[in-house]
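First up is the structure itself, then whatever we jot down about it.
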């Protein structure tokens with residue numbers, strides 16, 4: 069057996085360079101590069117290996133472990149899980165910072181390889197710098213915290229363990245049903261330890277993403293369910309996008325008059341201009357989609373997890389009359405809502421199902437057009453809503469006093485509504501631009517009123533709704549789509565929480581555009597708080613003397629080296645967007661927007677933990693409403 073003597077870290081890098089993925093006849097390298105922040109736990113091992121020979125891997129220096137991991141996740145998501153970046157960190161805090169990102173990747177089924185350093189396998193110098201200690205076990209390290217948020221987890225304490233561990237990790241990451249974060253922790257002394265590795269281990273290895281076909285029983289059962297239904301609705305989830313099922317979904321929808329509704333992950337699988345696309349479903353959904361779901365007697369869930377926002381906490385459907393047909397590569401997901409399960413690839417299943425549905429037409433017919441026209445009119449109404457100190461919208465007054473809104477208007481020097489700003493952006497940027505968001509009130513506004521006219525230009529992380537993903541992820545998207553403009557839509561709360569990789573984007577000349585909606589607070593949670601009977605309590609950003617915090621974010625961006633703009637009117641925003649298109653450097657457009665000027669729910673409900681006992685009558689009423697809604701909700 070021919071061998072090659074390498075350190076564990078050198079073997080790791082050599083292996084990563086030889087991993088390929090094969091999808092629909094196309095073969096390409098699976099690992100594009102590696103994000104790194106070096107520390108004592110990885111700089112002398114993985115750092116040395118990369119310096120010596122990184123191969124084709126692009127090495128990018130991150131600024132925050134969570135931030136660079138989010139960039140890697142966004143890259144993989146935008147590439148439809150066909151390529152990844154690896155992420156390496158030091159031990160201790162550096163590794164712990166991966167936890168939120170690992171949860172983000174796990175919740176969204178996104179493959180990413182995490183390579184945190186670990187404590188000494190020999191334990192000779194224990195406790196080393198940044199090592200935690202537990203009395204019940206000397207084997208516990210910070211990296212054990214990553215177990216619950218990893219799809220695959222392993223610790224390398226001997227060089228030869230690397231071989232089986234890497235093969236297992238890549239099996240998981242390249243399996244559509246199990247795709248998620250693989251974490252391989254490598255003891256820092258072992259990273260530099262040498263071993264005689266079998267040369268065959270470093271040969272080209274191709275991972276095949278073969279499309280799993282449905283069996284006859286599944287096809288026949290699915291066809292019977294659809295033909296027996298009068299008003300079926302197709303729910304387009306993220307799995308439909310990853311399967312690239314756009315064309316067959318549109319064909320079936322048009323031929324059989326079946327309306328489409330979308331999850332956040334599934335949005336822009338089919339463009340908004342498609343006549344049967346009624347938009348987002350659920351808590352952040354459109355009135356059209358929610359009405360269609362309420363009428364449906366069959367929900368055809370394609371690649372969806374049925375999260376509480378998509379199902380309105382399981383109140384979006386009439387469970388007395390509605391059945392469910394789930395098409396999903398994951399058997400676990402296919403079982404949800406007691407559905408008929410088709411455990412197979414979405415595109416392949418629909419293509420094989422198509423001939424079995426010949427002659428079938430749903431009873432939705434013209435209803436689809438009517439529902440869509442009603443929502444288009446509502447969206448147009450939202451675009452015309454204006455606010456002034458003299459006349460605020462009555463719906464706003466119910467939640468927030470006019471005096472409070474006047475205070476914000478004076479402090480932020482603005483009367484710009486969030487919905488107005490968002491629709492202006494939608495109308496101004498190029499159609500093939502990619503928008504990204506993740507948390508706060510913006511995902512609700514985006515799912516309802518953002519119209520993507522080009523497929524795969526809507527990038528929402530709402531499986532984990534991780535604040536800080538918005539800015540970091542924009543870098544990952546730009547790496548995946550270098551010829552397109554990328555816009556990160558982020559609230560001031562998320563921006564303050566994490567925007568470190570904005571600096572990385574500037575450093576590596578990867579132009580991203582940050583669209584910062586500043587309402588001086590955690591506006592989304594303030595809405596939730598007040599909408600369920602509470603007061604405005606510690607969700608606004610106020611100074612020690614209770615004045616509204618007014619941060620000059622544009623100045624911050626200028627300090628980083630970005631081109632910055634301050635916009636408080638529609639005209640200023642339009643001008644900034646047009647000028648930003650001409651820039652070669654990253655940009656930040658600061659928008660001061662009034663609180664309580666986002667969209668609200670349309671025929672939907674979200675189950676949250678309202679206090680059962682309260683002195684406030686408004687909270688008591690919110691609890692009563694919750695109890696009424698739970699009477700129609702399902703437990704499964």
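Numbering (the numbering used here), first residue to last: 69 to 704. Quick reminder that beta carbons are idealized off the backbone N, C-alpha and C, glycines included.
In terms of Cβ geometry, residue 616 and residue 588 form a close pair [threshold 9 Å]. Scanning its chain for C-beta atoms nearer than 6 Å, with the 5 sequence neighbours on each side dropped, one finds around residue 135 the residues 540, 566, 568, 569, in chain order. With a contact defined as Cβ atoms closer than 8 Å, residue 280 and residue 413 qualify at about 5 Å.
In this structure, the beta-carbon distance from residue 420 to residue 520 does not fall below 9 Å. 9 Å or more divides the Cβ of residue 247 from the Cβ of residue 214.
Ranked by Cα distance from residue 158, the options 479, 630, 255, 178 are led by 255. Three or more pairs of CB atoms, one per stretch, sit closer than 8 Å, so the segment 527-545 contacts the segment 505-512. Cβ neighbours of residue 124 within its own chain (closer than 8 Å, five residues either side excluded): 85, 97.
Along the segment 573-621, the alpha helix (DSSP H) occurs as fully enclosed runs of 4 or more residues at 591-599, listed in sequence order.
DSSP lists 366 as the beta-bridge partner residues of residue 391.
Three or more pairs of CB atoms, one per stretch, sit closer than 8 Å, so the segment 574-587 contacts the segment 473-492.
Unbroken beta strand (DSSP E) runs of no fewer than 3 residues, entirely contained in the segment 152-220, are found at 152-157, 180-186, following chain order.
A contact between stretches requires three or more CB pairs, one per stretch, nearer than 8 Å, and the segment 326-341 fails this requirement with the segment 261-280.
Taken through DSSP and simplified to helix, strand or coil, residue 129 comes out as strand. Cβ-Cβ distances below 6 Å link residue 518 to 494 in the same chain, with the five nearest sequence neighbours on each side left out; the list follows chain order.
Counting of Cβ neighbours within 10 angstroms places residue 69 among the exposed residues, the total staying below 16.
In the three-state reduction of the DSSP assignment, residue 262 falls in the strand class, which pools E and B. Contact between residue 672 and residue 351 holds: their C-beta atoms lie close to 5 Å from each other, under 8 Å. The C-beta of residue 499 has fewer than 16 other C-beta atoms within 10 Å across all chains shown, which makes the residue exposed. In its chain, beyond the 5 residues on either side, 70, 72 have a beta carbon closer than 6 Å to the beta carbon of residue 267. The beta carbons of residue 348 and residue 307 sit no closer together than 9 Å. Taking C-beta atoms under 8 Å as the contact rule, residue 104 and residue 156 qualify, at a distance of about 5 Å. The residues 482, 484, 485, 486, 489, 585, 586, 587, in chain order, have a CB closer than 7 Å to that of residue 661 in the same chain once the five nearest residues on each side in sequence are set aside.
Remark: C-beta atoms of residue 170 and residue 114 do not approach each other more closely than 9 Å. Beta-bridge partners assigned by DSSP to residue 700: none are found. Just so you know, the alpha carbons of residue 127 and residue 121 end up roughly 11 Å apart. When secondary structure is reduced to three states using DSSP, residue 222 falls in the strand class. Residue 681 is classed as exposed because its beta carbon has fewer than 16 other beta carbons within 10 Å across all chains shown.
In the DSSP annotation of this structure, the continuous segment of the beta strand (DSSP E) that includes residue 660 starts and ends at 655-660. Excluding the 5 residues flanking it on each side, residue 631 has same chain C-beta neighbours closer than 6 Å at 651, 653, 655, in chain order. In this structure, the CA atom of residue 492 is about 18 Å from the CA atom of residue 341.
In the DSSP assignment, residue 541 falls within the alpha helix (DSSP H) that extends over 537-548. For the 9 Å CB-CB criterion, residue 445 and residue 142 do not form a contact.
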